[in-house]
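Once you know that position 177 of the sequence shown is 204 in our numbering, the rest is easy, because the numbers rise by one and skip nothing. Cβ coordinates follow ideal geometry from the N, Cα and C atoms, glycine included. Since the structure is predicted, the reported quantities are computational estimates derived from the model, not experimental observations.
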Amino acid sequence: SLYSVFTVLFMYFTSISTAQTTDCLHLREQCINAANGCESVWNVIEHVCNISVLGNRCKAEDTIECDRIIQVLADEYPEFKNCVCTTDDFCSITNLLGKQCRIDKDNISMETKLQWSLSALSKQRYTANRTCLDMNKECVEDEVCNKQLSLYLKVCSLNKKCNMEECQAAIRFFYQNMPLEVAQTMTFCDCAQSDESCHRAKELLHGKPCAVTAVPPPSCLSVIQMCEENELCRKKYTTFQSKCWRQVTKKCYDDEACLETLIKGDMPCSANTDCKAAFISNWGTMLRMECTCQNLLPTEQSLCKLFHHMLHSKSCFR
Numbered sequence: 028s029l030y031s032v033f034t035v036l037f038m039y040f041t042s043i044s045t046a047q048t049t050d051c052l053h054l055r056e057q058c059i060n061a062a063n064g065c066e067s068v069w070n071v072i073e074h075v076c077n078i079s080v081l082g083n084r085c086k087a088e089d090t091i092e093c094d095r096i097i098q099v100l101a102d103e104y105p106e107f108k109n110c111v112c113t114t115d116d117f118c119s120i121t122n123l124l125g126k127q128c129r130i131d132k133d134n135i136s137m138e139t140k141l142q143w144s145l146s147a148l149s150k151q152r153y154t155a156n157r158t159c160l161d162m163n164k165e166c167v168e169d170e171v172c173n174k175q176l177s178l179y180l181k182v183c184s185l186n187k188k189c190n191m192e193e194c195q196a197a198i199r200f201f202y203q204n205m206p207l208e209v210a211q212t213m214t215f216c217d218c219a220q221s222d223e224s225c226h227r228a229k230e231l232l233h234g235k236p237c238a239v240t241a242v243p244p245p246s247c248l249s250v251i252q253m254c255e256e257n258e259l260c261r262k263k264y265t266t267f268q269s270k271c272w273r274q275v276t277k278k279c280y281d282d283e284a285c286l287e288t289l290i291k292g293d294m295p296c297s298a299n300t301d302c303k304a305a306f307i308s309n310w311g312t313m314l315r316m317e318c319t320c321q322n323l324l325p326t327e328q329s330l331c332k333l334f335h336h337m338l339h340s341k342s343c344f345r
């Protein structure tokens with residue numbers, strides 16, 4: 028019940044000093060890490076208000092019910108007032124999300140990058156052809172990497188129903204804040220065909236199945252179309268195309284001969300550092316979703332194969 032939820036909150040927050048509770052992030056982190064039932068309470072608040080720390084969705088779909096709980100929170104526990112209320116005591120989810128979104132985007136990313144700078148992995152240079160099993164082991168054995176990997180896997184766990192949007196946000200956060208050299212090695216790791224342990228490790232590192240697998244799989248044409256309708260994805264695709272595939276122009280899309288020439292020539296991408304960074308930046312967007320060219324009209328096949336090659340072929344990075 029709502030009463031029991033906030034009873035647990037009261038028992039927890041009365042044990043924290045006033046000085047500590049002035050920081051919303053610190054308040055939340057203390058709650059999440061308490062291992063005394065507070066984390067489950069925070070999960071209820073996140074669920075009712077439809078927010079996600081890693082996803083940083085910055086919105087609440089049921090604002091009426093959510094604001095009711097936020098108001099109770101502010102009334103019962105003044106420590107939260109600075110986080111959820113304006114100076115005239117108007118308390119709402121908007122106030123919490125406004126601060127959380129600004130803080131999460133800046134401070135959490137900055138804090139995470141600072142943590143990565145202390146990681147032994149950050150000193151390593153990019154090495155091609157590493158196995159995904161080796162990379163997974165190295166990450167788990169590294170305190171910083173293991174912490175970030177655990178956060179991401181918690182959201183994308185196979186033990187619960189997959190929420191693709193939240194899982195994509197988590198894997199995006201995981202890759203965008205680590206050093207580029209580490210991200211490259213993880214992104215381009217591979218496995219021998221018969222090595223099942225390695226393939227399981229690869230699936231973990233690459234968001235399978237939750238972040239990339241839809242049933243049935245969309246066509247690669249649909250993926251590009253959906254991406255262009257999404258602001259975040261559109262920006263990443265524009266950068267990716269300009270850094271990696273400058274020779275693939277929209278003029279070629281409607282020219283069968285042009286498409287055939289590009290595909291048959293196993294068209295090379297630029298494969299420089301900027302291109303690799305753009306490819307890695309696609310993690311957590313629909314550009315990384317598995318797509319197919321089956322069941323399309325013959326006239327659509329060539330363009331679909333072109334998009335599939337651009338999005339999923341790693342041949343030019345080897």
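Closest by C-alpha distance to ILE59, when choosing among THR319, LEU178, VAL242, CYS331: LEU178
In the DSSP assignment, what are the bridge partners of ASP217? THR158
What whole-angstrom Cβ distance do LEU248 and PHE334 have, given they're in contact under 8 Å? At roughly 7 Å, the Cβ-Cβ gap stays under 8 Å, so LEU248 and PHE334 are in contact.
Are the beta-carbon atoms of CYS271 and CYS302 separated by less than 8 Å? In this structure, CYS302 lies closer than 8 Å to CYS271 by Cβ.
Could you tell me if MET316 is buried or exposed, where buried requires 16 or more neighbouring beta carbons within 10 angstroms of its beta carbon? buried
Just checking my contact of CYS159 with MET191 at CB under 8 Å: how many whole Å lie between their CB atoms? With 8 Å as the limit, CYS159 and MET191 do not qualify as a contact, their Cβ atoms being about 22 Å apart.
Local Cβ density within 10 Å of SER329, reported as buried at 16 or more and exposed below that: buried
Residues near LEU176 in its chain [Cβ-Cβ closer than 6 Å; skip 5 each side]: CYS166
Whole alpha helix (DSSP H) elements within the stretch 226-269, 4-residue minimum: 247-255
Cutoff 6 Å; reference ALA210; Cβ partners in own chain excluding five residues on either side: TYR202, ILE307
Please report the distance separating the alpha-carbon of SER149 from that of LEU141. 11 Å
Between LEU314, GLU208, THR312, which has its C-alpha nearest TRP143's C-alpha? GLU208
Assigned exposure category for GLN321 - 16 Cβ within 10 Å defines buried: Exposed, since its Cβ has fewer than 16 Cβ neighbours within 10 Å.
Element boundaries [alpha helix (DSSP H), containing PRO206]: Where PRO206 is concerned, there is no enclosing alpha helix (DSSP H), given that its DSSP letter is neither H nor E.
Within its chain, find whatever has a CB closer than 6 Å to the CB of ILE251; leave out the 5 residues flanking it on each side and keep chain order. PHE334
Hey, could you find the ends of the alpha helix (DSSP H) THR326 is sitting in? 325-339 is the span of the alpha helix (DSSP H), which, as asked, contains THR326.
MET337 versus VAL75: straight-line alpha-carbon distance, rounded: 40 Å
Would DSSP call CYS76 helix, strand or coil? helix
Where CYS93 sits in the DSSP three-state scheme: helix
Do you know how far the Cα of GLU223 is from the Cα of GLU283? 40 Å
Mind checking which residues open and close the alpha helix (DSSP H) that includes CYS302? 300-308
What's the C-alpha gap between MET253 and ASP94? Looking at the two C-alpha atoms, the distance is approximately 33 Å.
CA-CA distance, LYS235 and SER246? 18 Å
Is DSSP giving CYS183 helix, strand or coil here? coil
In three-state terms, what does DSSP make of THR276? coil
Inter-residue Cα distance where the pair is ALA155 and LEU314: 23 Å
So the alpha helix (DSSP H) LYS108 belongs to, where does it begin and stop? 108-111
Anyone know if the C-beta pair for ASN309 and LYS262 falls short of 8 Å? no
CYS166 (DSSP reduced to helix, strand or coil): Here CYS166 sits in helix by DSSP.
What's the C-alpha gap between GLY311 and PHE200? 8 Å
Close-in-space but distant-in-sequence residues of the same chain around GLU327 (CB under 7 Å, 5 per side omitted): LEU248
Using three-state DSSP, classify THR312 as helix, strand or coil. coil
Output the distance between the C-alpha atoms of GLU170 and LEU289, rounded to the nearest integer angstrom. 45 Å
Out of CYS296, VAL275, SER297, point me to the one whose CA is closest to GLU287's CA. VAL275
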